[in-house]
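In this note's numbering, the protein residues as written are 11 to 123.
All C-beta atoms in this analysis are idealised placements derived from N, C-alpha and C, irrespective of residue type, glycine included.
If you're wondering where the values come from, they're calculated on a predicted model, not measured in any experiment.
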Amino acid sequence: MSQYNKTVRMLFGVIAFLLFSKVSIMLGTTGWKDVCFLIGCYLFLYFFIFSLIDSAVGKISSFHQEYNKENIKKPFLKNFIENRNLVSRGYKLIFNLGFLLILFLRLKKELLS
(Lines of atoms letter the chains of each structure in order from A and count residues from 1; the text may use other names and numbers.)
(Lines give C-alpha, C1' and ligand atoms only; values in the text may rest on other atoms or scores of the structure.)
Protein backbone atom coordinates (compact mmCIF):
# COMPACT_ATOMS: atom_id res chain seq x y z
CA MET A 1 0.00 0.00 0.00
CA SER A 2 1.43 3.37 -0.97
CA GLN A 3 2.19 6.08 1.56
CA TYR A 4 -0.42 8.35 -0.06
CA ASN A 5 -3.08 5.66 0.30
CA LYS A 6 -2.18 5.14 3.98
CA THR A 7 -2.36 8.87 4.65
CA VAL A 8 -5.78 9.14 3.01
CA ARG A 9 -7.02 6.13 5.01
CA MET A 10 -5.75 7.68 8.25
CA LEU A 11 -7.39 11.00 7.44
CA PHE A 12 -10.66 9.24 6.61
CA GLY A 13 -10.51 7.42 9.97
CA VAL A 14 -10.18 10.69 11.87
CA ILE A 15 -12.95 12.38 9.86
CA ALA A 16 -15.30 9.40 10.28
CA PHE A 17 -14.69 9.34 14.04
CA LEU A 18 -15.37 13.06 14.35
CA LEU A 19 -18.51 12.80 12.21
CA PHE A 20 -19.98 9.90 14.17
CA SER A 21 -19.04 11.57 17.47
CA LYS A 22 -20.89 14.72 16.39
CA VAL A 23 -23.94 12.66 15.38
CA SER A 24 -23.73 10.87 18.73
CA ILE A 25 -23.78 14.18 20.58
CA MET A 26 -26.70 15.42 18.48
CA LEU A 27 -28.75 12.30 19.27
CA GLY A 28 -28.78 13.18 22.96
CA THR A 29 -30.00 10.51 25.35
CA THR A 30 -31.41 8.05 22.83
CA GLY A 31 -30.17 4.50 22.56
CA TRP A 32 -28.56 5.24 19.20
CA LYS A 33 -26.08 7.59 20.86
CA ASP A 34 -23.83 4.75 22.01
CA VAL A 35 -24.20 2.89 18.73
CA CYS A 36 -23.06 5.91 16.69
CA PHE A 37 -20.14 6.53 19.01
CA LEU A 38 -19.01 2.90 18.87
CA ILE A 39 -19.28 2.85 15.07
CA GLY A 40 -17.10 5.97 14.96
CA CYS A 41 -14.59 4.35 17.28
CA TYR A 42 -14.38 1.25 15.11
CA LEU A 43 -13.95 3.28 11.93
CA PHE A 44 -11.10 5.16 13.62
CA LEU A 45 -9.57 1.86 14.72
CA TYR A 46 -9.97 0.27 11.30
CA PHE A 47 -8.68 3.10 9.15
CA PHE A 48 -6.24 4.99 11.41
CA ILE A 49 -4.79 2.43 13.80
CA PHE A 50 -4.60 -0.41 11.29
CA SER A 51 -2.77 1.85 8.82
CA LEU A 52 -0.31 2.75 11.57
CA ILE A 53 0.25 -0.94 12.30
CA ASP A 54 0.95 -1.70 8.62
CA SER A 55 3.36 1.24 8.40
CA ALA A 56 5.19 0.31 11.59
CA VAL A 57 5.64 -3.35 10.63
CA GLY A 58 6.86 -2.35 7.17
CA LYS A 59 9.31 0.22 8.53
CA ILE A 60 10.69 -2.18 11.14
CA SER A 61 11.30 -4.91 8.59
CA SER A 62 12.88 -2.54 6.05
CA PHE A 63 15.11 -1.02 8.76
CA HIS A 64 16.48 -4.42 9.73
CA GLN A 65 16.97 -5.43 6.09
CA GLU A 66 18.97 -2.28 5.44
CA TYR A 67 20.95 -1.61 8.64
CA ASN A 68 21.07 -4.93 10.48
CA LYS A 69 22.32 -7.34 7.82
CA GLU A 70 24.66 -9.21 10.16
CA ASN A 71 21.80 -10.26 12.45
CA ILE A 72 19.19 -10.86 9.76
CA LYS A 73 19.81 -14.62 9.85
CA LYS A 74 18.80 -14.88 13.51
CA PRO A 75 15.51 -16.76 13.89
CA PHE A 76 13.49 -13.93 15.42
CA LEU A 77 14.34 -11.33 12.78
CA LYS A 78 14.20 -13.86 9.95
CA ASN A 79 10.71 -14.99 10.96
CA PHE A 80 9.55 -11.41 11.52
CA ILE A 81 10.65 -10.30 8.07
CA GLU A 82 9.34 -13.39 6.28
CA ASN A 83 5.97 -13.24 8.07
CA ARG A 84 5.40 -9.51 8.36
CA ASN A 85 1.84 -9.83 7.02
CA LEU A 86 1.10 -12.41 9.69
CA VAL A 87 2.60 -10.15 12.37
CA SER A 88 0.46 -7.26 11.14
CA ARG A 89 -2.66 -9.43 11.19
CA GLY A 90 -1.82 -10.57 14.73
CA TYR A 91 -1.64 -7.00 16.01
CA LYS A 92 -4.89 -6.17 14.20
CA LEU A 93 -6.55 -9.22 15.77
CA ILE A 94 -5.51 -8.05 19.24
CA PHE A 95 -7.03 -4.61 18.61
CA ASN A 96 -10.22 -6.16 17.21
CA LEU A 97 -10.61 -8.44 20.22
CA GLY A 98 -10.04 -5.49 22.55
CA PHE A 99 -12.72 -3.50 20.75
CA LEU A 100 -15.14 -6.43 20.91
CA LEU A 101 -14.50 -6.74 24.65
CA ILE A 102 -15.18 -3.04 25.17
CA LEU A 103 -18.29 -3.29 22.97
CA PHE A 104 -19.58 -6.27 24.95
CA LEU A 105 -18.98 -4.62 28.32
CA ARG A 106 -20.55 -1.35 27.18
CA LEU A 107 -23.67 -3.05 25.83
CA LYS A 108 -23.91 -5.24 28.93
CA LYS A 109 -23.85 -2.12 31.09
CA GLU A 110 -26.56 -0.49 28.97
CA LEU A 111 -28.81 -3.55 29.06
CA LEU A 112 -28.49 -4.01 32.83
CA SER A 113 -29.20 -0.37 33.68
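Inset, instruction - Quick one: give me the first and last residue of the alpha helix (DSSP H) that I91 is part of. - result: P85 to E92
Legend entry - Spatial neighbours of I59 in its chain, beta-carbon cut-off 7 Å, leaving aside the 5 residues before and after: F105
Inset, instruction - Can you have a look at A26 and say buried or exposed, based on whether 16 or more other CB atoms are within 10 angstroms of its CB? - result: buried
Inset, instruction - Taking 8 Å as the threshold, find out whether the stretch 39–49 comes into contact with the stretch 70–88 through three or more Cβ pairs. - result: no
Legend entry - Same chain only: Cβ atoms within 7 Å of V67, ignoring 5 sequence neighbours per side: R94, V97 and S98
Inset, instruction - Alpha carbon to alpha carbon, how far is F22 from K16? Give it in angstroms, no decimals. - result: 10 Å
Legend entry - Which of helix, strand or coil DSSP assigns to N106: helix
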